[in-house]
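A.B. asks:
Number of protein chains: 4
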Amino acid sequence: MVEEHGRSGRPRSERARRAVLNAADDLLVEVGYAALTMKGIAERAGVGRQTVYRWWSNKAEILYEASAIDAEQELSVPLSDDLPDDLTAYLDAFVGFLTDSHAGAAYRALLGEAQHDAAVATLLSTKDILGESAAKLVEPALRTSNSALSAEQATAHLIGPPFFHILTGRSPASIDTRRLATEFLRVLNTG
Amino acid sequence: MVEEHGRSGRPRSERARRAVLNAADDLLVEVGYAALTMKGIAERAGVGRQTVYRWWSNKAEILYEASAIDAEQELSVPLSDDLPDDLTAYLDAFVGFLTDSHAGAAYRALLGEAQHDAAVATLLSTKDILGESAAKLVEPALRTSNSALSAEQATAHLIGPPFFHILTGRSPASIDTRRLATEFLRVLNTG
Amino acid sequence: MVEEHGRSGRPRSERARRAVLNAADDLLVEVGYAALTMKGIAERAGVGRQTVYRWWSNKAEILYEASAIDAEQELSVPLSDDLPDDLTAYLDAFVGFLTDSHAGAAYRALLGEAQHDAAVATLLSTKDILGESAAKLVEPALRTSNSALSAEQATAHLIGPPFFHILTGRSPASIDTRRLATEFLRVLNTG
Amino acid sequence: MVEEHGRSGRPRSERARRAVLNAADDLLVEVGYAALTMKGIAERAGVGRQTVYRWWSNKAEILYEASAIDAEQELSVPLSDDLPDDLTAYLDAFVGFLTDSHAGAAYRALLGEAQHDAAVATLLSTKDILGESAAKLVEPALRTSNSALSAEQATAHLIGPPFFHILTGRSPASIDTRRLATEFLRVLNTG
DNA sequence: TAGTAATCGAGACGGTACGTCTTGTCTTGGA
DNA sequence: TCCAAGACAAGACGTACCGTCTCGATTACTA
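Shown next as structure tokens:
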């Protein structure tokens, strides 16, 4: 990511980098992940294929770099001092991200690929986008609770149900985020 | 599924059908989903490629037919009259299915593909393997509770957390199925 | 060719035979020799493929049976007592056969195939359509000449030049059949 | 034929070109024209199939490029000042070419294909190998004669008879080239 | 201000899967 | 025994993409 480069030689073209990322982003929407190809990205970007292969190993890496920042932004919600409201807002953002968002589509595609491609799984594990975004809500909630759950376990309770719902192709309309927030807090504070 | 065939012509070869399903199953383990090809399946099965394309549109369909029955079996647990025990047993089976099982690997690959291939999504939605297996536990649990949740919502609460945990590449070792069962019942019975 | 058949069993269907020959004939015109297939012929004829294979080995045989009789007819000219006129008439028929005729197109296709398919070459040699038709003119001409040429050699002199002309793709318009007849008689009667 | 190539990009590999032409040549002898396939040529040449398709449309084009130069050479005979001798020598070369030669087999196959494939006919018509080689003999012969025949007509008289003889599958042994030469000159110089 | 070196776009290279097509054979039920 | 129908194993078709490899042309830094 750091743009410093070795002693001499022509420096990496930022223009080419942006062109590739944009092309990948556009093509994902236009033709879908399966039909997304390195060749197609290079041609759409007006860039040599070698240039693409020089900086990224496969389409997953390109897509990841193209959407990671957007994803982080979309999953970041402003915190108030009302935890149920904040949790609900976060879950709304979470559901919107997975179902409607551009970056979310890229994430779902990558997560799907990770199920049968170890390289993509490794790539995704370098940054736990979902976990980190949830942590901002989960940690305060845990602190004010009497729960013995780890952050990871609590996170699974918060976003696991809608995650399952969406990933298995069920309608996002039937998700009641406020109810999920309430139930999440109940799990943390009972027993 | 019914094997009756049209009036005339040579009937479908059951031998070829089994050979294809077995070949797909074997190759999934040997080379992985990404490297699984229609050509490779046909050759491994000792079957013409046309014969494969005649009965299945893509590798996902083959894999689905090859693993659906196994999946159903593996997710089916005997019921006792102790609900917490039954839920724990089911969650154990569920986690084992997604992480260790042969059929589960196929399911995960298909679920992954479904994230960016509408045809595969449709295929998977024809039979809600996870939901149906869970329903056998969820429905009794709901009946004996005062919860207003739908079966679908309750199912998401039961298997959503471990589903999220595994699909996002976290270690299955840190899943405590008995605790999950307890928390599930608490969500159903409080408020 | 003989329609008698063995002791028992269903007799060969004349209906199927005609349907195949007609289908081959039609398809030759519609799609050309290269795109003519056994499968296509069977389907067009509304006949099982096995039925086609039972009676003919390849498309060349079908085409040969379909066009041999027509060819013979088209190359047969009525004889007068004027040899130059008869030769000219025959050469006109010959040129017309090779360039415009339906059966001639089939013959040219078969002759072409025979250049690189020994089976077709054998098939064509079972009946020397061109030689036999020419013989009716060549033999009288030889008898009334002082030439020592064999019938075969004389035939080559008569139809060799226009044959070469047409087969090598030259325009048939520049063939002067009367001049060819005169020159043929000159070769036979000088020296 | 000129090897200059467009501004940029990797230049065409001469190594690959030769490998394809040699493979086609070899395979024609080994398996015959009908069994000659683009796939087989590519594999034998150790070349990608795309590389073959990039430069040639079909096996006929490859074969043509592979044999045209040889054909021209084989049909070229040194001229003396004795016309009958030269004609005889040419006819010997001509008969040898069509019956025994490697390049001649390719030419016969292409000529055959041209009878039912317009693309091959066009290809062959780009260079009249037979006509041009004959022209070197026919033109002097015409100049020293009182004949009104065109070069094309005279050529048909010279090589038409043996051409017919060979193409219709008759034995080349019965061709008397000296007699043919004499008769050719007689047609040119009588009347 | 020249030289060096890594970059760029372009496009050919050897490979290989795609999904379709035809081949010639086999297997039904019916005539 | 023949027929129409249609599935079978085999393998070529022409196209697409893979990841690599030249090309000539551009930029920077270095000497």
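Here the protein sequences come in this chain order: A, B, C and D. In our numbering, each residue carries its 1-based index in the first sequence increased by 27. In our numbering, each residue carries its 1-based index in the second sequence increased by 27. In our numbering, each residue carries its 1-based index in the third sequence increased by 27. In our numbering, each residue carries its 1-based index in the fourth sequence increased by 27. All residues carry an ideal CB built from backbone N, CA and C; glycine is no exception.
Determine the direct distance from the alpha carbon of B/ARG45 to that of B/ARG39, and round the result to whole angstroms.
C.D. replies: About 11 angstroms.
A.B. asks: Can you tell me whether B/SER107 is buried or exposed, with buried defined as 16 or more other CB within 10 angstroms of its CB?
C.D. replies: Label assigned to B/SER107: exposed.
A.B. asks: Can A/THR153 be considered in contact with the ligand ATP, in the sense that its beta carbon sits closer than 7 angstroms to one or more heavy atoms?
C.D. replies: As presented, the structure is devoid of all ligands, the ligand ATP included, so that no description of it is given.
A.B. asks: Which chain D residues are close to C/THR217, counting only those with a beta carbon under 8 angstroms from its beta carbon?
C.D. replies: Those are ARG213 and THR217, listed as they occur along chain D.
A.B. asks: Can you tell me the Cα-Cα spacing of D/ALA146 and C/GLN180, whole angstroms?
C.D. replies: Their Cα atoms are separated by approximately 34 angstroms.
A.B. asks: Does D/TYR91 have its Cβ less than 8 angstroms from a Cβ in chain C?
C.D. replies: Judged by the 8 angstroms Cβ criterion, D/TYR91 is not in contact with chain C.
A.B. asks: Looking only at its chain, what residues have a beta carbon closer than 7 angstroms to the beta carbon of A/GLY67, apart from the 5 residues adjacent to it on each side?
C.D. replies: LEU54.
A.B. asks: DSSP three-state label for C/PRO199, please.
C.D. replies: Reduced to three states, the DSSP call for C/PRO199 is helix.
A.B. asks: What separation, rounded to the nearest whole angstrom, lies between the Cα atoms of B/ARG170 and B/ASP109?
C.D. replies: Approximately 14 angstroms, taken between the alpha carbons.
A.B. asks: From what residue to what residue does the alpha helix (DSSP H) around B/TYR60 run?
C.D. replies: Here B/TYR60 belongs to no alpha helix (DSSP H), and DSSP marks it neither H nor E.
A.B. asks: Quick check on B/THR78: does DSSP put it in helix, strand or coil?
C.D. replies: Helix.
A.B. asks: Count Cβ pairs between the region 185-198 of chain B and the region 122-133 of chain B that sit closer than 8 angstroms; are there 3 or more?
C.D. replies: Judged by Cβ distances under 8 angstroms, the region 185-198 of chain B makes contact with the region 122-133 of chain B, as three or more pairs qualify.
A.B. asks: Please compile the residues from chain C whose C-beta is within a distance smaller than 9 angstroms of the C-beta of D/TYR60.
C.D. replies: Chain C residues near D/TYR60: GLN142, HIS143 and ASP144.
A.B. asks: So for C/THR149, helix, strand or coil by DSSP?
C.D. replies: Note: C/THR149 maps to helix in three-state DSSP.
A.B. asks: In angstroms, rounded to a whole number, what distance separates the CA positions of C/LYS163 and D/ILE89?
C.D. replies: C-alpha separation (whole angstroms): 43 angstroms.
A.B. asks: What residue from C/SER35, C/ALA141, C/ALA130 and C/THR182 has the CA that sits closest to C/THR118's CA?
C.D. replies: The residue you asked about is not Thr; residue 118 of chain C is Leu in the sequence shown. If we check each option's Cα against that of C/LEU118, C/THR182 comes out closest.
A.B. asks: Quick check on this structure: which residue in A/LEU176, A/ALA208 and A/ALA61 has the alpha carbon closest to the alpha carbon of A/ALA120?
C.D. replies: It is A/ALA208 whose Cα lies nearest to the Cα of A/ALA120.
A.B. asks: Please list, in chain order, the residues of the region 182-193 of chain B that have any C-beta partner in chain A closer than 7 angstroms.
C.D. replies: So the close ones are ALA183, HIS184, ILE186, GLY187, PRO188, PHE190, PHE191 and HIS192.
A.B. asks: For B/GLU30, collect the residues of the same chain with a Cβ closer than 7 angstroms to its Cβ; drop the 5 residues on either side in sequence, then sort them by chain order.
C.D. replies: Model confidence at B/GLU30 stands at a pLDDT of 43, short of 50, so the residue's coordinates are unreliable; what they give is reported in the following sentence. Around B/GLU30: no qualifying Cβ.
A.B. asks: Just to confirm, are B/LEU151 and B/ALA141 a CB contact at a threshold of 8 angstroms?
C.D. replies: Taking 8 angstroms as the Cβ cut-off, B/LEU151 and B/ALA141 qualify as a contacting pair.
A.B. asks: Going by beta carbon distance, what residues of the same chain come within less than 6 angstroms of B/ALA69, once the five residues before and after it are set aside?
C.D. replies: ARG76 and VAL79.
A.B. asks: If distances are taken between C-alpha atoms only, which option among A/TYR60, A/ASP155 and A/SER201 comes closest to A/ILE96?
C.D. replies: A/ILE96 has its Cα closest to that of A/ASP155, out of A/TYR60, A/ASP155 and A/SER201.
A.B. asks: From B/THR115 to B/ARG205, what does the alpha carbon distance come to, in whole angstroms?
C.D. replies: Answer to the nearest angstrom: the Cα atoms are 5 angstroms apart.
A.B. asks: Residues of the region 150-172 of chain A with a CB closer than 9 angstroms to any CB of chain B: list them in chain order, please.
C.D. replies: Cβ contacts with chain B come from LEU151, SER152, ASP155, LEU157 and GLY158.
A.B. asks: With 8 angstroms set as the bound, which would you pick, yes or no: does the beta-carbon of D/GLU30 sit closer than that to a beta-carbon of chain C?
C.D. replies: With a pLDDT of 43 at D/GLU30, under the threshold of 50, the predicted position of this residue should be treated as unreliable, though the coordinate-derived value follows. By this cut-off, D/GLU30 is not an interface position.
A.B. asks: Would you verify that the beta carbon of B/GLU57 is, or is not, closer than 8 angstroms to some beta carbon of chain A?
C.D. replies: No, B/GLU57 does not count as interfacial toward chain A.
A.B. asks: Kindly list, in the order they appear in chain D, the residues whose Cβ is closer than 9 angstroms to that of C/SER201.
C.D. replies: Neighbours of C/SER201 on chain D, chain order: SER177, GLU179 and GLN180.
A.B. asks: Pull up the CB-CB distance for A/VAL165 and A/LEU185, whole angstroms please, since I reckon it's below 8 angstroms.
C.D. replies: With a Cβ gap of about 6 angstroms, A/VAL165 and A/LEU185 count as contacting.
A.B. asks: Given a threshold of 16 other Cβ atoms within 10 Å of its Cβ, counted over all protein chains shown, does A/GLY175 qualify as buried or as exposed?
C.D. replies: Here the sequence assigns Ala to residue 175 of chain A, which means Gly is not the residue at that position. Exposed is the call here.
A.B. asks: Flag C/ARG205 as yes if its beta-carbon sits less than 8 angstroms from any beta-carbon of chain D, otherwise no.
C.D. replies: By this cut-off, C/ARG205 is not an interface position.
A.B. asks: Would a C-beta distance cut-off of 8 angstroms place A/ALA50 and A/ARG71 closer than the cut-off?
C.D. replies: Yes, Cβ-Cβ distance for A/ALA50 and A/ARG71 is below 8 angstroms.
A.B. asks: Among A/HIS143, A/GLU57, A/SER201 and A/ALA98, whose alpha-carbon lies nearest the alpha-carbon of B/ALA87?
C.D. replies: Of A/HIS143, A/GLU57, A/SER201 and A/ALA98, the residue nearest in Cα terms is A/HIS143.
A.B. asks: Could you list the residues in the region 118-144 of chain D with a C-beta less than 7 angstroms from some C-beta on chain C, going in chain order?
C.D. replies: The residues in question are ARG135, ALA136, LEU138, GLY139, GLU140, ALA141, GLN142, HIS143 and ASP144.
A.B. asks: Using a 10 Å radius around the Cβ and a threshold of 16 neighbouring Cβ atoms, would you call D/SER35 buried or exposed?
C.D. replies: Its Cβ having fewer than 16 others within 10 Å, D/SER35 is exposed.
A.B. asks: Are the C-beta of B/ARG197 and some C-beta of chain A separated by less than 8 angstroms?
C.D. replies: Yes - at least one Cβ of chain A is within 8 angstroms of the one on B/ARG197.
A.B. asks: C/ALA93 and C/LEU157 look like a contact to me (Cβ under 8 angstroms); what is the Cβ gap, rounded to whole Å?
C.D. replies: Not confirmed; about 18 angstroms, so no contact.
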